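The sequence shown begins at 20 in this note's numbering and counts up by one.
Everything on this sheet refers to the single structure shown next.
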Amino acid sequence: MSVSPLKSYACHADQSNGRQFDESPDPFSDVFELDRRRVSGCAAFRRLEYKTQAFVTLEDDHFRTRLTHTLEVAGIARVVAKALGLNETLAETISLAHDLGHPPFGHAGEVALRDLMADHGGFEHNMHALRVVDYLEHPYPEHRGLNLTFETREGLIKHNTKYDRPEGASNNPALWDFFECGNLPSLEGQIACVADRLAYDGHDLEDAIAANLVNEEELADIAIWAEAIAPIREQYPDLVLAAVRRPVLDRLGRLLIADVVDETERRIAANDPKLVDDIRLMKEGVVALSQARNSQLNELEAFLVEHVYHHHRLVRMDAKARRFIERLFLAYVENPAMLPPRFTSRIDEQGVHRVVCDYIAGMTDRFCQDDYQRMFEPFERV
């Protein structure tokens, strides 16, 4: 099957703004394909398997993790990019890398580190994702970091959804190179943002149904849910919700993806961009839901906040997670000699708080819990 040519305003691999460190071209892969291999092969990516998405993974092995969320985002991103004539590989690569900066225990872990680092340079997971790929990962002897392309790195630092707001990034002198060409990311980067939101809402709803946190009666008044379930219920009127949740959520996803493609095509036609830099200089995002679908998704998200994220079981898990991170952080700051040598060697240059933050942000849920036990339980092996 022939491959459709990319649009002129897509990111073209042979027109990349390059890497921080020059390197010879790969004979078998373009620059974005090489980025994808580096992201999916790095240690931080592997650790996503054991990091919480919304439901703490220690509670149940069947809930989504950061890794499964990431793969779902990447899948949606490829579909949308292909439909729009954009670079599928870049959209996928940004999606695969977008959560590399998340600490253990999901949002609770980020809130804990954000508060602990408030007077020490702060913590925000998108900016930390860039730190992961530019510095903390160091598989190559000639330089630190994965040496990813500008376009992939731009997609990380400009990743902006209602769940991800890297405030202050454009005012950080170290990041000005990303904003000289405009405040918006490429269309491929924008696709990763929208795909993140769609995946997030869909799988958190599915996990909530599986965990019996919500029921069909409670969902009945949610417009987009009602639209998605109606034909499924006509076909399977007697099955319990758990038995039909997957086809319902598949249909919900298709409705949203189709709307994103239609609305994005409308905005592209209205703005008539010629090059990727035209996209970056626009005043508002191009890849988006229509106003009607966005309102429906906002309604679903408000439902999730009320019935899921504020559920007493999740609130209790989040409180426990924050306690793990806060006590470990303060213990390591007080006695940094307990850190592994590769971290203590950086303290004089970067400060103890940043180094401890790097160490804890890189932990998985399980490692963080085990480290807590070793640190504070008197009869645990150290």
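From the three backbone atoms N, C-alpha and C, an ideal C-beta is built for every residue, glycine too.
On a predicted model such as this, the values are computed, not experimentally measured, just so you know.
Asked, Found
"Between the CA atoms of Ile176 and Ala218 - distance to the nearest angstrom", "20 angstroms"
"Of the listed residues Ser364, His147, Asp134 and Leu135, nearest to Ala63 (C-alpha basis)", "His147"
"Bridge partners - Arg172, DSSP secondary structure assignment", "Paired residue(s): none; Arg172 is not in a bridge."
"Span of the alpha helix (DSSP H), counted from its first residue to its last, around Met336", "His331 to Glu353"
"His31 versus Leu25 - alpha carbon distance", "8 angstroms"
"Element boundaries [alpha helix (DSSP H), containing Asp269]", "Leu260 to Asn290"
"Contact belief for Ala207 with Gly164 at Cβ below 8 angstroms, rounded distance in angstroms", "Checking the displayed sequence, the identity of residue 207 turns out to be Glu instead of Ala. About 21 angstroms separates the two Cβ atoms, so there is no contact after all."
"Residue environment, Glu253, which counts as buried when at least 16 other CB atoms sit within 10 Å", "exposed"
"N- and C-terminal bounds of the alpha helix (DSSP H) containing Lys101", "Arg85 to Leu103"
"Validate contact between the segment 137–154 and the segment 80–99 using beta carbons, cut 8 angstroms, 3 pairs", "no"
"Residue from Arg66, Asp153 and Val152 with nearest C-alpha to Pro122", "Arg66"
"Presumed contact (8 angstroms Cβ cut-off) between Ile379 and Phe348, rounded CB distance", "6 angstroms"
"Alpha helix (DSSP H) runs contained entirely in the segment 41–66, provided each spans 4 or more residues", "50–59 and 62–66"
"Neighbourhood of Phe40 by C-beta distance below 6 angstroms, restricted to the same chain and skipping five residues each side", "His162 and Asn166"
"Local Cβ density within 10 Å of Gln315, reported as buried at 16 or more and exposed below that", "buried"
"Segment contact, 8 angstroms Cβ cut-off, at least three pairs: the segment 353–362 with the segment 318–330", "no"
"Best match in Pro250, Arg273, Pro204 and Ala307 for proximity to Ala29 [C-alpha to C-alpha]", "Pro204"
"Per-residue DSSP class, three states only, for Thr112", "helix"
"Selection from Tyr159, Arg97 and Asp223 that minimises the alpha carbon distance to Phe82", "Asp223"
"Rounded C-alpha distance that separates Ala277 from Glu353", "53 angstroms"
"As assigned by DSSP and simplified to three states, the class of Arg373", "helix"
"Segment limits, alpha helix (DSSP H) that includes Arg299", "Val295 to Arg299"
"Whole-angstrom C-beta distance between Lys101 and Thr84, which should lie under 8 angstroms", "26 angstroms between Cβ atoms; not a contact."
"Ala29 - DSSP class collapsed to helix/strand/coil", "coil"
"Pairwise C-alpha distance: Leu53 and Glu68", "22 angstroms"
"6 angstroms CB neighbourhood of Arg393 in its chain, flanking five on each side removed", "Glu399 and Val401"
"Beta-carbon proximity list for Arg57, same chain, < 7 angstroms, skipping 5 on both sides", "Leu165 and Leu167"
"Arg133 (DSSP reduced to helix, strand or coil)", "helix"
"Buried/exposed call for Met336, threshold 16 Cβ in 10 Å", "buried"
"Coil, strand or helix - Arg400 by DSSP", "coil"
"Residue range of the unbroken alpha helix (DSSP H) whose run includes Phe322", "Gln310 to Leu323"
"Contacting residues, own chain, Cβ-Cβ under 7 angstroms from Arg373 (five flanking each side not counted)", "His139 and Gly140"
"Within 7 angstroms, strictly: CB atoms of Val96 and Glu111", "It is Ala, not Val, that sits at residue 96 in the sequence shown. Against a cut-off of 7 angstroms, the Cβ pair of Glu111 and Ala96 comes out as a contact."
"C-alpha gap between Arg264 and Asn234, whole angstroms", "11 angstroms"
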